[in-house]
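In the working numbering, the protein residues as written are 2 to 392.
Where a beta carbon is used, it is the ideal one built from N, C-alpha and C, also for glycine.
These notes concern the structure reproduced below.
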Amino acid sequence: MPDLTLPHLPAWTVRLRLTLLYGGLFLVSGVVLLAITYLLFRSAAGVNLIFPNGATHRSASPSLNEAATNLEAERRVRAMYAGAVERNTDLLHQGLIRSVVVLAIMTLVSIALGWLVAGRVLRPLRVMTATTRQISERNLNRRLALAGPHDELKDLADTIDGLLARLEAHVAEQRRFAANASHELRTPLALTQTLLDVARADPNHDSDELVERLAVVNTRAIDLTEALLVLSRADQRSFASQRVDLSLIAEEATETLLPLAEKRGVTIESSGAPVPALGSRALLLQLTTNLVHNAIVHNQPQGGTVWVTTGADSEGAVLTVENTGEQLTPELVSTLEEPFLRGSERVRSDQAGVGLGLAIAKSITQAHDGTLTLTPRIGGGLRVTAQLSGA
Ligand SMILES: Nc1ncnc2c1ncn2[C@@H]1O[C@H](COP(=O)(O)OP(=O)(O)OP(=O)(O)O)[C@@H](O)[C@H]1O
Ligand SMILES: [Mg+2]
């Protein structure tokens with residue numbers, strides 16, 4: 002049975018297309034040039050014969066005899082030059098055929114040159130493709146680092162390098178987060194295990210105390226898991242947006258935390274007119290609660306103050322939570338949003354959080370297309386501003 006499959010066609014690559022484009026353009030311009038040259042030469046190939054009409058200054062019109070003589074002369078001259086005209090036309094045709102052959106050869110040469118030039122122009126692209134193929138999550142630190150002039154291809158390579166740098170930073174952050182989360186989740190479980198081991202080893206243990214301590218540890222584990230869930234919900238932006246009044250949300254959060262503030266001797270001062278904002282009511286309440294909670298628990302030991310302000314500016318709604326407290330350096334403040342990071346201040350056992358409050362606040366703000374800004378206050382304490390889009 003004869004093989005009826007079609008011959009293998011070359012892939013329709015950019016290199017092939019550029020080559021055909023070069024060759025095609027060369028052929029078209031060659032044909033046009035040839036046609037123009039041929040037409041010009043052909044019009045010049047004939048012989049223009051100029052015959053005096055024989056008129057003399059003596060007679061106004063030539064006599065019959067004179068006219069016959071002129072016609073006869075013209076016929077003879079034409080016969081004389083007919084051979085030359087024919088030779089010219091022949092030469093012209095031969096020239097045309099040779100030019101067509103030369104043009105065909107040059108078109109093939111230009112296709113070959115086009116193939117080489119296109120390959121050279123596209124070489125950086127091939128290098129970029131090969132390098133990008135080798136990059137996976139294990140070697141995200143590799144870069145294309147394309148050398149050469151600052152052209153479109155270098156622009157593309159630099160853009161891909163920028164993307165890789167962002168991806169690398171993101172993956173590193175995710176890994177850090179996963180490691181920290183596992184560590185934090187293991188702590189209450191390990192603590193529970195220790196408490197149970199101690200109780201088992203001591204037959205006279207106080208079971209009430211054990212239950213009490215286990216309950217505390219368990220609550221902490223639940224708090225941590227819930228914080229992680231809120232964080233992932235905010236990161237995924239899986240919530241429905243609605244029009245909310247930010248000042249009402251701030252009021253609700255403040256009221257809820259008022260007993261805690263009183264317990265710690267912290268005064269809360271709230272101000273702000275109704276501010277419309279667009280977003281999830283539950284998440285914005287969580288954001289405000291986290292910030293006010295921080296402002297209370299990370300305040301000075303006695304006589305601290307918290308200012309909660311809502312307002313609107315040209316970009317939308319703004320929530321500001323400010324508190325007195327220890328003097329903080331800008332370097333320390335720039336790291337506080339990092340998950341599981343607690344400040345270097347002495348940590349009293351009753352205020353030791355899981356270190357996710359600000360990370361959650363940041364994620365919620367970003368999920369609402371806003372920004373969270375932390376600045377140390379001159380006299381000590383922190384000022385946190387959540388800039389949200391208005392409704
Ligand atoms: N308003 C604030 N004033 C001073 N320091 C603050 C303030 N808010 C946060 N910090 C510092 O930033 C750290 C991180 O805050 P974050 O809210 O993320 O965690 P946390 O409060 O320690 O724990 P939790 O997850 O329970 O909120 C805190 O431990 C504290 O040192
Ligand atoms: Mg907190």
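Next item on the list: With a threshold of 7 Å, establish whether the CB of Val-355 neighbours any heavy atom of ligand 1.
Entry: For the purposes of this step, residue 355 is taken as the residue at position 354 of the sequence shown. Checking the Cβ of Val-355 against ligand 1 gives yes.
Notebook entry, point to check: Is DSSP giving Gln-388 helix, strand or coil here?
Noted result: The count along the sequence shown starts at 1 and reaches residue 388 at position 387. Gln-388 falls in the strand class under three-state DSSP.
Margin query: Could you check if His-294 belongs to the surroundings of ligand 2, using beta carbon to heavy atom distance under 7 Å?
Written below: Residue 294 sits at position 293 when you count from the first residue of the sequence shown. Yes; taking the cut-off as 7 Å, the Cβ of His-294 has a heavy atom of ligand 2 nearer than that.
Next item on the list: Compare the Cα-Cα distances from Gly-273 to each of Leu-286, Ala-166, Ser-248 and report the closest residue.
Entry: The sequence position of residue 273 within the sequence shown is 272, counting from 1. Gly-273 has its Cα closest to that of Ser-248, out of Leu-286, Ala-166, Ser-248.
Checklist line | Meets three-Cβ-pair contact criterion under 8 Å: the region 24-36 and the region 117-124 | finding: no
Margin query: Helix, strand or coil for Gln-287? Go by DSSP, reduced to three states.
Written below: Start at 1 with the first residue of the sequence shown, and residue 287 comes out as number 286. Helix.
Margin query: Helix, strand or coil, according to DSSP, for Thr-57 in the structure here?
Written below: Taking the first residue of the sequence shown as 1, we reach residue 57 at position 56. Per-residue confidence for Thr-57 stands at a pLDDT of 45, beneath the threshold of 50, marking its modelled position as unreliable; no derived number is given.
Item checked: Glu-270 - DSSP class collapsed to helix/strand/coil -> Locating residue 270 in the sequence shown gives position 269, counting from the first residue. Residue state, collapsed to three classes: strand.
Next item on the list: If I'm right that Ala-158 touches Leu-147 with Cβ under 8 Å, what's the distance once you round it to whole angstroms?
Entry: Taking the sequence shown and counting its residues from 1, the one referred to as residue 158 is at position 157. Taking the sequence shown and counting its residues from 1, the one referred to as residue 147 is at position 146. Sure, about 4 Å apart at Cβ, within 8 Å.
Check: Can you tell me whether Gly-380 is buried or exposed, with buried defined as 16 or more other CB within 10 angstroms of its CB?
Finding: What you label residue 380 is simply residue 379 of the sequence shown in a count that begins at 1. So Gly-380 ends up on the exposed side.
Check: According to DSSP, is Gly-326 helix, strand or coil?
Finding: The residue given as residue 326 occupies position 325 in the sequence shown. Of the three classes helix, strand and coil, the one that applies to Gly-326 here is coil, per DSSP.
Check: How many angstroms separate the CA atom of Glu-153 from the CA atom of Thr-130?
Finding: If you number the sequence shown from 1, residue 153 lands on position 152. If you number the sequence shown from 1, residue 130 lands on position 129. Those two C-alpha atoms are separated by around 15 Å.
Next item on the list: Taking only the alpha-carbon atoms, compute the straight-line gap between Thr-132 and Leu-279 and give it to the nearest angstrom.
Entry: Along the sequence shown, one-based indexing puts residue 132 at 131. Along the sequence shown, one-based indexing puts residue 279 at 278. Taking the straight line from one Cα to the other gives about 44 Å.
Next item on the list: Taking only the alpha-carbon atoms, compute the straight-line gap between Phe-178 and Ala-362 and give it to the nearest angstrom.
Entry: Numbered from 1 along the sequence shown, position 177 holds the residue referred to as residue 178. Numbered from 1 along the sequence shown, position 361 holds the residue referred to as residue 362. Answer to the nearest angstrom: the Cα atoms are 16 Å apart.
Next item on the list: Inspect the beta-carbon positions of Gly-356 and His-294 and report whether they are closer than 8 Å.
Entry: Residue numbering aside, residue 356 sits at position 355 when the sequence shown is read from its first letter. Residue numbering aside, residue 294 sits at position 293 when the sequence shown is read from its first letter. No, the Cβ-Cβ distance between Gly-356 and His-294 is not below 8 Å.
Check: Around the C-beta of Pro-260, are 16 or more other C-beta atoms found within 10 angstroms, so that it is buried, or is it exposed?
Finding: The count along the sequence shown starts at 1 and reaches residue 260 at position 259. So Pro-260 counts as exposed.
Check: Which of helix, strand or coil does DSSP assign to Ala-278?
Finding: Residue mapping note: residue 278 aligns to position 277 of the sequence shown, counting from 1. Here Ala-278 sits in strand by DSSP.
Notebook entry, point to check: Are the region 253-271 and the region 365-379 in contact at 8 Å, needing three or more beta carbon pairs?
Noted result: No contact exists between the region 253-271 and the region 365-379.
Next item on the list: Answer yes or no: the CB of Arg-134 versus the heavy atoms of ligand 1, is any distance below 7 Å?
Entry: In the sequence shown, residue 134 corresponds to position 133, counting from 1. Incorrect: Arg-134 has no Cβ contact closer than 7 Å to ligand 1.
Next item on the list: On the DSSP bridge assignment, give the partners of Ala-360 in chain order.
Entry: The residue you call residue 360 lines up with position 359 of the sequence shown. In the DSSP output, where bridge partners are listed per residue, Ala-360 has none listed.
Notebook entry, point to check: Residues in its own chain within less than 6 Å of Ala-222 by CB, not counting five upstream and five downstream?
Noted result: Along the sequence shown, read from residue 1 onward, the residue named residue 222 stands at position 221. Same-chain partners within the cutoff: Pro-189.
Note to self: Can you tell me whether Glu-323 is buried or exposed? The criterion is at least 16 other CB atoms within 10 Å of its CB, across all chains shown.
What the structure shows: Sequence index remark: in the sequence shown, residue 323 carries index 322 (1-based). Buried, since its Cβ has 16 or more Cβ neighbours within 10 Å.
Check: Looking at Leu-285 and Val-319, is the spacing between their C-beta atoms short of 8 Å?
Finding: The residue given as residue 319 occupies position 318 in the sequence shown. The residue given as residue 285 occupies position 284 in the sequence shown. For Val-319 and Leu-285, no; Cβs fall outside 8 Å.
Item checked: Straight-line Cα distance separating Ser-233 from Gly-312 -> Working through the sequence shown from its first residue, we reach residue 312 at position 311. Working through the sequence shown from its first residue, we reach residue 233 at position 232. Gly-312 and Ser-233: Cα-Cα distance of roughly 28 Å.
Note to self: Here's the rule I'm using: 16 or more other beta-carbon atoms within 10 Å means buried, otherwise exposed. How should Arg-16 be labelled?
What the structure shows: Locating residue 16 in the sequence shown gives position 15, where the first residue counts as 1. Buried, by the Cβ-count rule.
Checklist line | Contact test: Leu-329 Cβ vs ligand 1 heavy atom, cutoff 7 Å | finding: Position 328 of the sequence shown, counting from 1, holds the residue named residue 329. Correct: Leu-329 has its Cβ closer than 7 Å to ligand 1.
Next item on the list: Please go through the same chain and pick out, in chain order, the residues whose beta-carbon is closer than 7 Å to the beta-carbon of Leu-168, but skip the five residues on each side of it.
Entry: Translated into the one-based positions of the sequence shown, residue 168 becomes position 167. Non-local C-beta neighbours of Leu-168 in its own chain, meaning closer than 7 Å and more than five positions away in sequence, comprise Leu-141, ordered along the chain.
Check: Over what stretch of residues does the alpha helix (DSSP H) that includes Thr-372 continue unbroken?
Finding: Taking the sequence shown and counting its residues from 1, the one referred to as residue 372 is at position 371. Taken as a continuous stretch (DSSP letters only), Thr-372 belongs to no alpha helix (DSSP H), being part of the beta strand (DSSP E) at 372-377.
Next item on the list: May I ask you to check if the CB of Ala-179 is nearer than 7 Å to at least one heavy atom of ligand 1?
Entry: The count along the sequence shown starts at 1 and reaches residue 179 at position 178. Of the heavy atoms belonging to ligand 1, none sits nearer than 7 Å to the Cβ of Ala-179.
Next item on the list: Answer with buried or exposed for Trp-13, where buried requires no fewer than 16 other C-beta atoms within 10 angstroms of its C-beta.
Entry: Counting from 1 along the sequence shown, the entry for residue 13 is found at position 12. The residue in question, Trp-13, is exposed, as its Cβ has fewer than 16 Cβ neighbours within 10 Å.
Note to self: Is it buried or exposed, Thr-372, if we count other Cβ atoms within 10 angstroms and call 16 or more buried?
What the structure shows: In the sequence shown, the residue the question calls residue 372 occupies position 371. By the 10 Å Cβ count, Thr-372 comes out exposed.
Check: Considering only C-alpha positions, which residue in the set Arg-187, Ile-37, Thr-306, Ala-182 is nearest to Leu-230?
Finding: If you number the sequence shown from 1, residue 230 lands on position 229. Nearest C-alpha to Leu-230: Ala-182.
Checklist line | Beta-bridge partners of Arg-244, as assigned by DSSP | finding: Sequence index remark: in the sequence shown, residue 244 carries index 243 (1-based). BP columns for Arg-244 point to Leu-279.
Notebook entry, point to check: By Cβ distance, which residues of its chain are closer than 7 Å to Thr-226, with the 5 residues on each side in sequence left out?
Noted result: Residue numbering aside, residue 226 sits at position 225 when the sequence shown is read from its first letter. Closer than 7 Å at the Cβ level, and outside the excluded window around Thr-226, lies no residue.
Margin query: With distance defined between alpha-carbon atoms, name the residue in Asn-219, His-94, Tyr-23 nearest to Thr-108.
Written below: Taking the sequence shown and counting its residues from 1, one reaches residue 108 at position 107. It is Tyr-23 whose Cα lies nearest to the Cα of Thr-108.
Check: With a CB to CB cut of under 7 Å and the five nearest residues on each side skipped, what residues in its chain are close to Pro-11?
Finding: In the sequence shown, residue 11 corresponds to position 10, counting from 1. Cβ neighbours of Pro-11 beyond the five flanking positions: Leu-17.
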